[in-house]
Amino acid sequence: MKFAAIADVHGNRPALEAVLADIATLGIDEIVNLGDHVSGPLEAARTADLLIERGFPSVRGDQDRILVELWHAGGSARGDFRQLERKHFEWMASMPSTLMYRERAFLCHASPADDAAFWLDRVTADGSVRPSAIDTIEAGAEGIDARIILCGHTHIPRVVRLRDGRLVVNPGSVGLPGYDGKVPVPYVVEVGTPHACYAILEHAGGDWSATIRYVPYDNAAMAALARSKGMPIWASAIATGWAEREVT
1052 MKFAAIADVH
1062 GNRPALEAVL
1072 ADIATLGIDE
1082 IVNLGDHVSG
1092 PLEAARTADL
1102 LIERGFPSVR
1112 GDQDRILVEL
1122 WHAGGSARGD
1132 FRQLERKHFE
1142 WMASMPSTLM
1152 YRERAFLCHA
1162 SPADDAAFWL
1172 DRVTADGSVR
1182 PSAIDTIEAG
1192 AEGIDARIIL
1202 CGHTHIPRVV
1212 RLRDGRLVVN
1222 PGSVGLPGYD
1232 GKVPVPYVVE
1242 VGTPHACYAI
1252 LEHAGGDWSA
1262 TIRYVPYDNA
1272 AMAALARSKG
1282 MPIWASAIAT
1292 GWAEREVT
């Protein structure tokens, strides 16, 4: 069994198109999507249209949930919200928060119990982002009867082998390789490459393996779009992979 996992597209349709083309070139037919599909200043509706057309097994991310909540509440002035139509909100609302894929792989957005949690990584008191302790990761995986568990949310690609042999994989972000956050303290995530990122999962010889794959694409237009929408951190990350660099 072999399939690809994508996550955190965040409305970056060119990055998504490049990843899907790369997956097709490798002859992989199955793809799962771990959420946060469209949020941000980029191409929310065009990205949603492509994902709806492809119909991948998908879970709802925290930003998808927030957009649906705003829709139920009657609207929002957010730029991504104003791009979307009823069909897009209904599509996100229909997604589960977790999913067992083909009875073998457990899918969630951030952690099995919380769609907005850092799980494989943590934010320290000084704002650094570091790998979580194995005890913390294993506690989050307790009770999950699957040999492979997939999560996203942090945008940081990570492969963790639990002590009981299960594999936990974060495929990184298709569309946004860096960003800043404020909770629990101000912090910055930056992965150091502007390339779109995804994972290939394969079961062979009785065990699971994971490959993180980076795909170059024409990212300049998306960086310029983020900059034009007043999102300089996004613009920098999409252009360079570093979230704190000023891009001119």
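Quick note on this note's numbering: the sequence shown kicks off at 1052 and runs consecutively.
Just so you know, even glycine gets a beta-carbon here, dropped at the ideal spot from N, CA and C.
Computed from a predicted structure; not experimentally measured.
Bridge-paired residues (DSSP) for residue i
i     : result
W1045 : In the structure as shown, the chain starts at 1052 and stops at 1299, and residue 1045 therefore has no counterpart that could be examined.
Whole-angstrom C-beta distance between residue j and residue i, which should lie under 8 Å
i     : j     : result
N1063 : L1093 : 5 Å
V1174 : Y1238 : 5 Å
G1112 : D1087 : 3 Å
A1197 : R1155 : 6 Å
Closest by C-alpha distance to residue i, when choosing among the options
i     : options                    : result
K1053 : Y1268, H1254, V1242        : H1254
A1261 : A1277, G1091, N1221        : N1221
V1180 : V1236, A1164, R1129, D1186 : V1236
R1129 : K1280, E1154, S1287, R1097 : K1280
V1242 : L1067, E1193, H1206, P1283 : H1206
C1248 : E1193, S1224, G1216, L1101 : S1224
D1080 : P1108, A1167, D1215        : P1108
G1191 : R1278, D1165, H1204, D1177 : D1165
L1135 : L1121, I1082, M1146, A1288 : L1121
T1149 : I1117, T1076, G1203, D1258 : G1203
R1133 : R1097, L1102, P1147        : R1097
V1119 : S1183, A1290, S1145, S1287 : S1145
G1078 : A1277, I1251, H1246        : I1251
G1257 : L1101, G1216, R1137        : G1216
P1182 : A1167, T1244, E1193, V1240 : V1240
I1117 : R1105, A1167, T1244        : A1167
H1246 : G1292, M1282, V1234        : G1292
V1234 : A1290, M1282, A1176        : A1176
G1232 : F1169, R1137, A1124        : F1169
T1244 : A1290, M1273, E1193, W1259 : A1290
A1105 : I1057, A1275, R1137        : As written in the sequence, residue 1105 is Arg, which differs from the Ala given in the question. Ranking the options by Cα distance to R1105, first place goes to I1057.
P1228 : R1153, A1274, P1147, I1103 : A1274
C-beta contact flag for residue i and residue j at 8 Å
i     : j     : result
R1212 : L1218 : yes
L1073 : G1226 : Reading off the sequence shown, one finds Asp at residue 1073, where the question assumed Leu. Not in contact: D1073 and G1226 (Cβ atoms no closer than 8 Å).
L1171 : I1188 : yes
D1115 : M1151 : no
V1110 : L1071 : no
Y1268 : A1066 : yes
I1284 : A1294 : yes
H1139 : A1099 : yes
P1185 : P1163 : Per the sequence presented here, residue 1185 reads as Ile, with Pro not at that position. Cβ atoms of I1185 and P1163: not closer than 8 Å.
G1178 : D1131 : no
V1089 : L1201 : no
A1075 : V1266 : no
A1286 : R1278 : yes
heavy atom of the ligand HEM below 7 Å from residue i C-beta
i     : result
S1179 : You won't find the ligand HEM in this model; it holds no ligand whatsoever.
- prompt: Of all the alpha helix (DSSP H) runs that stay within the bounds of the region 1124-1189, which reach a length of 4 or more residues?
  reply: Taking 4 residues as the minimum length, the alpha helix (DSSP H) runs contained wholly in the region 1124-1189 are 1130-1134, 1137-1144, in order along the chain.
message: Quick check for students: name the residue ranges of the alpha helix (DSSP H) that lie wholly in the region 1053-1134, counting only runs of 4 or more.
response: Within the region 1053-1134, the runs of alpha helix (DSSP H) at least 4 residues long that lie entirely inside it are, in chain order, 1064-1076, 1095-1105, 1113-1124, 1130-1134.
query: In chain order, which beta strand (DSSP E) runs of at least 3 residues are fully inside the region 1186-1251?
result: For the region 1186-1251, whole beta strand (DSSP E) runs of length 3 or above, ordered along the chain, are 1199-1201, 1209-1212, 1218-1221, 1229-1232, 1238-1241.
message: Report the start-end ranges of each beta strand (DSSP E) in the region 1251-1283 that is 3 residues or longer and not cut off at the edges.
response: If we require 3 residues or more, the beta strand (DSSP E) runs fully inside the region 1251-1283 come out as 1258-1266.
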